[in-house]
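Written below as structure tokens is the structure these notes are about.
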Amino acid sequence: MKKTILTITVLVFLSGFFAISTAFKVIDTQKEAAPEDMLTIPDSVNAVLKNKCFDCHHTGSKSMKAKMKLKIDKLPMLSKKKLISKLDNIAESVEKKDMPPKKFLKKYPEHALTDAESKILIDWANNAADALMK
Amino acid sequence: MKRKILIAIVFIFVIMQFIPSGRPDNNPVPEKDLLDAIDVPGEVATILKATCYDCHSQQVTYPWYSYVAPISFLVSRDVREGRKKLDFGHWADLSKRKQIKALDEISEEIESGEMPMKIYPIMHPDAKLTDAQRQQLMDWCESCSDQILN
């Protein structure tokens with residue numbers, strides 16, 4: 069008898085725990101999913117970001133300055149305001165040819181953006197920022 | 598020998614005064630200035646005026662030493678570059694998107710301590726921000742940005 073009660077208690081406890089943890093999981097995924105809706109990165113854009121920008125602009129980068137300005141891997145986690153700001157900055161700095169930095173390109177010319185790549189980035193960043201403004 | 602060096606230094610200093618520093622003029626347009634265009638809480642407005650407006654506006658007050666070379670070169674450059682980055686004097690000309698970016702970057706610069714420039718409070722003690730004032734500015738950036746978005 070005692071054993072059955074114990075088993076039932078354990079079972080109830082376990083199922084309760086399971087229910088709570090899945091509930092939290094649902095909340096968690098919702099939290100992560102919401103911002104992703106704000107920002108879609110098409111493959112063409114992703115390729116340029118990955119090949120030309122990511123080396124400096126990601127969380128594990130050695131360049132503190134580049135990291136402080138933009139962490140591409142963190143873009144989906146940003147608030148709407150931050151995202152608008154970052155996207156506007158991407159469009160502006162590519163347009164003005166401030167990015168990639170000229171000094172950096174002297175050493176790593178393969179990171180230069182072609183005109184087509186610049187256009188892909190600028191158009192995407194402008195459109196995405198405008199979409200968020202609505 | 599010492600005297601010759603001294604004379605040379607004085608000579609260079611005097612000649613320097615004739616090199617134009619390209620000091621940017623103030624061209625204020627009242628309705629375009631941030632503080633006229635939108636409602637900014639009094640305390641925040643005071644901080645902005647004391648800590649930012651001497652470079653980032655059309656209401657720059659040039660102290661006497663900013664007319665003396667070589668300091669004049671530095672001040673002129675700071676105002677020129679400051680306005681290029683952000684000019685509160687032309688706030689109303691910015692698109693909503695650019696305003697949101699500006700507010701985000703202001704907040705970032707204040708948080709990281711990049712702004713106000715370290716050299717500025719030396720001659721402008723009022724511009725030395727306390728942590729509470731920094732927070733106040735950052736909170737204002739946040740709420741101002743929310744207002745623009747909504």
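The listed protein sequences derive, respectively, from chains A and B.
Using our numbering, read the first sequence as starting at 69 and increasing by one per residue.
Using our numbering, read the second sequence as starting at 598 and increasing by one per residue.
All C-beta atoms in this analysis are idealised placements derived from N, C-alpha and C, irrespective of residue type, glycine included.
{"query": "In chain A, which residues lie with their C-beta within 8 Å of the C-beta of ARG694/B?", "result": "ILE152, ASP156, ALA197, ASP198 and MET201"}
{"query": "Interface residues of chain A around ILE697/B at Cβ under 7 Å?", "result": "LYS149, ILE152 and SER153"}
{"query": "What is the DSSP secondary structure of TYR659/B, reduced to helix, strand or coil?", "result": "coil"}
{"query": "For PRO722/B, does the three-state DSSP call read helix, strand or coil?", "result": "helix"}
{"query": "Name, going along the chain, the residues of the stretch 694-725 of chain B whose beta-carbon falls closer than 8 Å to a beta-carbon of chain A.", "result": "ARG694, LYS695, ILE697, LYS698, LEU700, ASP701, GLU702, GLU705 and SER709"}
{"query": "Tell me whether PRO617/B sits in a helix, a strand or coil according to DSSP, three-state version.", "result": "coil"}
{"query": "Taking 8 Å as the limit between beta carbons, can you name the residues of its chain near PRO638/B, skipping five residues before and five after?", "result": "TRP737"}
{"query": "State the start and end residues of the unbroken alpha helix (DSSP H) segment that holds CYS124/A.", "result": "Careful: CYS124/A lies outside any alpha helix (DSSP H) and carries neither H nor E."}
{"query": "Hey, out of GLU160/A, ALA115/A and ALA196/A, whose CA is closest to HIS179/A's CA?", "result": "ALA115/A"}
{"query": "Could you work out which residues of chain B lie near MET136/A, taking near to mean beta carbons separated by less than 8 Å?", "result": "GLU705 and SER709"}
{"query": "Let me see if you follow: with CB-CB separation under 8 Å, is LEU683/B close to chain A or not?", "result": "no"}
{"query": "What does LEU746/B reach in chain A if we use C-beta pairs closer than 9 Å?", "result": "LYS148, LYS149, ILE152, LEU200 and MET201"}
{"query": "On the premise that ARG620/B lies in contact with TYR659/B, defined as a C-beta separation below 8 Å, what is that separation, rounded to the nearest angstrom?", "result": "7 Å"}
{"query": "From this set, SER131/A, LEU146/A, MET201/A and ILE109/A, which residue's C-alpha is nearest SER692/B's C-alpha?", "result": "MET201/A"}
{"query": "Would you say SER742/B lies against chain A (beta-carbon separation less than 8 Å)?", "result": "yes"}
{"query": "To the nearest angstrom, how far is it from the Cα of VAL672/B to the Cα of TYR176/A?", "result": "35 Å"}
{"query": "Start and end of the alpha helix (DSSP H) containing PHE670/B?", "result": "668-682"}
{"query": "I think ILE109/A touches HIS126/A, with their Cβ atoms under 8 Å apart; what is that distance to the nearest whole Å?", "result": "Wrong, their Cβ atoms sit about 14 Å apart, outside the cutoff."}
{"query": "Relative to the alpha-carbon of ALA689/B, which residue among GLN614/B, VAL607/B, VAL611/B and ILE745/B has its alpha-carbon at the smallest distance?", "result": "ILE745/B"}
{"query": "With three or more beta-carbon pairs closer than 8 Å as the criterion, would you say the stretch 713-723 of chain B touches the stretch 644-663 of chain B?", "result": "yes"}
{"query": "Using a 10 Å radius around the Cβ and a threshold of 16 neighbouring Cβ atoms, would you call LEU181/A buried or exposed?", "result": "buried"}
{"query": "Rank GLN730/B, PHE685/B and PHE608/B by C-alpha distance to the C-alpha of CYS649/B and give the top, closest one.", "result": "PHE685/B"}
{"query": "Exposed or buried, ALA605/B, counting other C-beta atoms within 10 Å across all chains shown (16 or more means buried)?", "result": "exposed"}
{"query": "With a cut-off of 8 Å, does the C-beta of ALA193/A fall near any C-beta of chain B?", "result": "no"}
{"query": "Just the C-alpha distance for ALA184/A and LEU146/A, rounded to the nearest angstrom, thanks.", "result": "27 Å"}
{"query": "According to DSSP, is ASP153/A helix, strand or coil?", "result": "Checking the sequence, you will find Ser at residue 153/A rather than Asp. Note: SER153/A maps to helix in three-state DSSP."}
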